[in-house]
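Notes follow once the structure below has been shown.
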Amino acid sequence: MDTATATISPQGIVTGWSEGARRLLGYSAQEVVGHTAADLLATVGLSDATGYALASSREWSGTAALRHQDGHRLDLTLHSSPSLDRNGETRAFLVTATTDAPKPAYDHEVVEWAFSQSSIDLSAFTKDSRGWHATASEQRTDQYTNDGDEGDEGDEGDEGFLRHIEQVAEQATPMRFERRTPAPSSFRQHAWITEMWPVRDPATGRVCGVGTATFNSSEQHWARQRLALLNEAGACIGTTLDVTRTAQELADLAVPRLADFISVDLLESVTRGDEPVAGPVDAAVVLRRIAHASGSEETPDAVVDLGEADTYPPFSPPARCLATGRAVLSGAGDPDFVRWIGQSQARSASVRGHGFHSLMAVPLRARGITLGVAVFARSRSSERFEQDDLVLAEELAGRAAVGVDNARRYTRERTNALTLQRSLLPREFPKQAAVEVAFRYLPAGSRAGVGGDWFDVVPLSGTRVALVVGDVVGHGLHASATMGRLRTAVRTLADVDLPPDELLTHLDDLVIHLSTDDDTAPEDMPYSGDFGEIGATCLYAVYDPVSRVCTLASAGHPPPAVLLPDGTVTLIELSPGPLLGVGGLPFESTEIELPEGSLLAFYTDGLIETRDHDLGIGLDRLCEALASPVPSLDVTCDAILKALLPDSPADDVALLLARTRALHADQVAAWALPADPAIVAAARAQTCRQLATWGLDDVAFTTEVVVSELVTNAIRYGAVPIGLRLIRDRALICEVSDASSTAPHLRRARTFDEGGRGLHMVAQLTQGWGTRQTSTGKTIWAEQLLPVS
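This is the structure we're talking about:
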């Protein structure tokens with residue numbers, strides 16, 4: 001039996017022609033498509049019944065006489081079915097023709113059979129006095145069953161479904177209804193999509209019912225849920241550069257949406273921040289628990305506590321996945337799983353108590369390196385893991401592994417920078433009489449990393465002391481290394497006894513040279529071409545306990561605050577200089593006389609400029625905290641940090657407190673000397689009398705020799721006025737000043753030289769000696785250790 005199929009537009013134009021139609025009627029598609037269907041008829045026009053059926057878009061079966069291509073007549077059985085669009089309008093007619101006589105009753109049975117045997121749920125709904133109900137239905141799912149747990153998800157169950165039926169009938173337009181119901185597993189829901197369309201009376205066009213076709217969309221729903229979970233993982237895993245926090249973020253996301261319990265264990269080397277060996281892990285492996293989470297209200301007691309290490313045998317699922325580098329799906333039916341659980345009474349009791357029957361062990365791998373393993377488990381209330389769950393777990397573990405590796409690398413880099421910086425910062429300061437000091441240094445708690453903040457206390461000649469604080473622009477190892485170079489340079493320049501403004505000028509030149517060296521270094525040198533210009537701020541202050549004068553100079557650094565003995569707190573007004581590294585601009589010194597017991601506060605901008613407040617507010621809060629009475633400098637440091645800083649400061653913070661002391665008249669003796677060689681003997685005599693007053697007769701002879709040599713040099717090579725000063729502190733300091741800026745130099749005298757032995761003798765008899773330039777000339781000093789009383 002040949003069957004011909006054709007599609008005809010509502011206007012009667014042939015739009016489709018099958019191969020069966022060509023064999024039956026002899027016409028090719030090119031000869032028919034685009035022409036009117038009436039051209040194929042052997043008689044003129046259709047019967048009234050046929051015409052009415054086509055005009056009203058009804059389904060119709062009957063006979064018709066068609067003309068073969070060779071001209072003979074064919075009596076065929078025709079069946080026409082209208083194809084409707086979403087608005088119920090006829091888009092085309094599907095016409096089939098056969099040589100058999102029509103069997104309407106049989107066709108009706110086929111329709112009923114097709115309806116009853118459909119692979120999808122088909123229903124027809126009509127309305128009576130009691131409401132909408134299904135008059136014909138073949139439903140094989142519980143899609144309309146509402147058990148009360150998913151009322152919100154199912155749009156109120158049957159009520160929502162019938163409300164949509166009513167809306168389709170009223171608006172006479174197709175609609176879609178989505179429904180979700182709980183599945184036996186707590187991890188998955190069943191989902192359906194129901195297509196609804198109005199059913200019209202062919203004769204009147206009135207909507208007399210609603211047809212529905214329901215499709216099971218659970219797989220698509222689960223796929224969307226998996227994508228949503230992965231999308232959420234990208235946003236909530238790896239939010240910080242902290243290994244433990246990143247692992248816990250994975251655990252919190254996976255439970256309870258994927259597993260009832262999860263543990264995240266890392267290799268020992270990873271927890272230390274070291275670089276683990278690339279590739280899979282062999283044999284038994286020691287792992288340290290970093291994070292775990294449970295979805296039950298009563299959290300299962302983990303066999304391994306957080307922070308503890310455990311050894312996994314080679315046959316256990318975690319060790320197997322690390323050895324192969326691939327995820328392992330295991331459970332109660334796996335002999336290796338049973339054997340592994342049976343080796344530990346605690347683990348066996350936990351599995352029995354909570355009914356863990358399905359397990360996934362997924363390696364944490366990033367950049368080709370194995371970091372650890374995540375173990376997902378499901379209990380008795382959940383279904384077993386499937387392959388789709390394993391793929392999802394691998395995706396989550398992969399994202400977490402990248403976050404863990406980033407955190408590990410950051411931790412290692414930060415630890416190295418902190419180690420370098422702390423090795424470059426002073427741990428304790430040398431004893432000196434000028435000030436009492438206390439200090440604090442806090443590294444940044446943000447991702448910016450360790451910065452270049454630094455401070456120092458440098459003893460100077462004449463019991464003076466230099467107080468230094470600085471800040472290198474930037475963070476990381478380069479900033480720490482630059483800080484170390486600057487601190488060394490400051491100490492070197494301080495030993496030369498340069499005034500603060502001149503010292504900053506030399507330091508500025510050094511920073512410029514450092515920037516030039518970084519820019520011109522070979523490409524294979526570390527740090528070459530990666531950091532640009534170097535910038536830094538610095539505040540350098542020199543305090544003299546004899547005169548109680550503090551001389552300060554600033555290179556772009558915030559001014560220090562001072563608490564006077566009367567309780568007044570002020571900021572010292574400085575002439576601000578440019579940042580170090582700018583060059584070409586001068587630095588100016590500021591002098592201020594401080595009462596004994598004044599408290600100076602030196603700091604970096606991380607203390608006063610935070611996200612919560614600007615520079616002005618920070619300075620006000622610093623002054624308030626400094627004015628609060630506290631028993632010691634250490635307590636004052638802690639109180640200032642607590643008052644001004646958050647728990648995790650965004651920038652490095654250096655704080656240096658110095659309480660001034662003073663040397664009184666009974667500790668200092670000074671004389672003005674004329675430029676007469678005869679005065680040398682008188683200077684020795686005055687020195688002896690003063691030493692006797694101080695009870696230092698034991699060092700009188702040595703001091704006489706030193707005074708004689710230094711005064712003689714000043715008279716012979718210097719210029720008036722000449723002065724002699726003795727200072728008694730932890731050591732005895734002898735100073736001779738004159739108006740000449742020419743500094744003497746130590747040299748070795750030859751056998752027959754008449755001079756050149758004086759300074760050599762002074763250097764041999766004293767603990768140290770040196771020269772410092774002053775605004776009126778120079779001062780030569782020598783220091784002797786005093787006998788222990």
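Just so it is clear: in the sequence shown, position 117 is 117 by full-length UniProt numbering, and no numbers are missing. Yeah, the Cβ is synthetic: ideal placement off N, Cα and C, and Gly gets one too.
Open item on the list: Tell me the rounded alpha-carbon separation between residue 791 and I679.
Closed with: Lying outside 1 to 789, the shown extent of the chain, residue 791 is not represented and no answer is given.
TODO: Determine which residues share a DSSP beta bridge with E593 and list them.
DONE: V549
Open item on the list: Taking a contact to mean a Cβ-Cβ separation below 9 Å, would you say G451 touches G474 in this structure?
Closed with: yes
Task: Integer-rounded CB distance, given that A92 should sit under 8 Å from T15 - done: 6 Å
- [ ] Count the C-beta pairs between the stretch 427 to 436 and the stretch 648 to 659 that are closer than 8 Å, then say yes if the count reaches three, no if not.
- [x] yes
Task: Exposed unless 16 or more other CB atoms sit within 10 angstroms - verdict on Q171 - done: exposed
TODO: Tell me, to the nearest whole angstrom, how far the beta carbon of A291 is from that of T244; I am working on the premise that it is less than 8 Å.
DONE: 7 Å
- [ ] For G26, name the three-state secondary structure that DSSP assigns.
- [x] coil
Open item on the list: Give me the residue from T181, G62 and V635 with the minimum Cα distance to L76.
Closed with: G62
TODO: Per DSSP, which residues does residue 790 bridge with? Please list them.
DONE: This structure does not reach residue 790, given that the chain is present from 1 up to 789, and the question cannot be answered.
- [ ] Report yes if the C-beta distance between V32 and L41 is below 9 Å; otherwise report no.
- [x] no
Open item on the list: Across the stretch 385 to 401 and the stretch 275 to 282, are there enough close Cβ pairs to call them in contact, namely three or more that are closer than 8 Å?
Closed with: no
Task: Span of the alpha helix (DSSP H) around residue 790 - done: No answer is possible for residue 790: it lies beyond the span of the chain, which begins at 1 and ends at 789.
Open item on the list: Excluding the 5 residues flanking S461 on each side, which residues of the same chain have their C-beta closer than 7 Å to its C-beta?
Closed with: D497, G770, R772 and W781
Task: Length at least 3, wholly inside the stretch 391 to 447: the beta strand (DSSP E) runs in chain order - done: 435 to 442
- [ ] Kindly give me the distance between the Cβ atoms of I237 and R399, rounded to whole angstroms, as I take these residues to be in contact under 8 Å.
- [x] 5 Å
Task: DSSP-derived helix/strand/coil call for L371 - done: strand
Open item on the list: For the structure I just gave you, are there three or more beta carbon pairs, one from the stretch 257 to 266 and one from the stretch 418 to 430, closer than 8 Å?
Closed with: no
Open item on the list: Check this for me: beta carbons of V373 and E394, under 9 Å apart or not?
Closed with: no
Open item on the list: Rounding to the nearest angstrom, what Cα-Cα distance links A330 and L364 in this structure?
Closed with: The sequence shown places Ser at residue 330, not Ala. Taking the straight line joining both Cα atoms gives about 17 Å.
Task: Member of V707, A254 and V210 whose CA lies at the smallest distance from the CA of Q225 - done: A254
- [ ] Have a look at A670 and S708 and give me their C-alpha separation to the nearest angstrom.
- [x] 15 Å
Open item on the list: Less than 9 Å between the C-beta atoms of R408 and D260, yes or no?
Closed with: no
- [ ] Using the Cα positions of D142 and T194, report the straight-line distance between them to the nearest angstrom.
- [x] Interpretation of D142 is limited by its pLDDT of 49, a score under 50 that renders its predicted location unreliable; the figure taken from the coordinates is listed afterwards. C-alpha separation (whole angstroms): 13 Å.
Task: Segment limits, alpha helix (DSSP H) that includes T482 - done: L477 to D495
TODO: Given a cut-off of 9 Å, decide if D405 and R367 are closer than it, judged by their beta-carbon atoms.
DONE: yes
Open item on the list: Given this structure, state the Cα-to-Cα distance separating H79 from H190, to the nearest angstrom.
Closed with: 40 Å
TODO: Would you give the residue range spanned by the alpha helix (DSSP H) that G277 belongs to?
DONE: It should be noted that the sequence gives Val, not Gly, for residue 277. Neither: V277 is in no alpha helix (DSSP H) and is coded neither H nor E.
TODO: In angstroms with no decimal places, state the Cα-to-Cα distance between A97 and T3.
DONE: 6 Å
Open item on the list: At 3 residues or longer, what runs of the beta strand (DSSP E) sit wholly inside the stretch 755 to 784?
Closed with: 768 to 774
TODO: Just tell me which of L122, A444, Y540 and A346 has its CA closest to the CA of A466.
DONE: Y540
TODO: Identify the continuous beta strand (DSSP E) that holds E219 and give its terminal residues.
DONE: First-last for E219: S218 to C236, but that is the alpha helix (DSSP H), not the beta strand (DSSP E).
Task: Buried or exposed by the 16-neighbour rule on C-beta atoms within 10 Å, applied to Q11 - done: exposed
Open item on the list: Suppose the cutoff is 6 Å on Cβ atoms and the five residues either side in sequence are ignored; what does the same chain contact list for Q248 look like?
Closed with: A291
Open item on the list: Could you compute how far the alpha carbon of E783 sits from the alpha carbon of G758?
Closed with: 15 Å
Open item on the list: Among R180, W694, W222 and S737, whose alpha-carbon lies nearest the alpha-carbon of P787?
Closed with: W694
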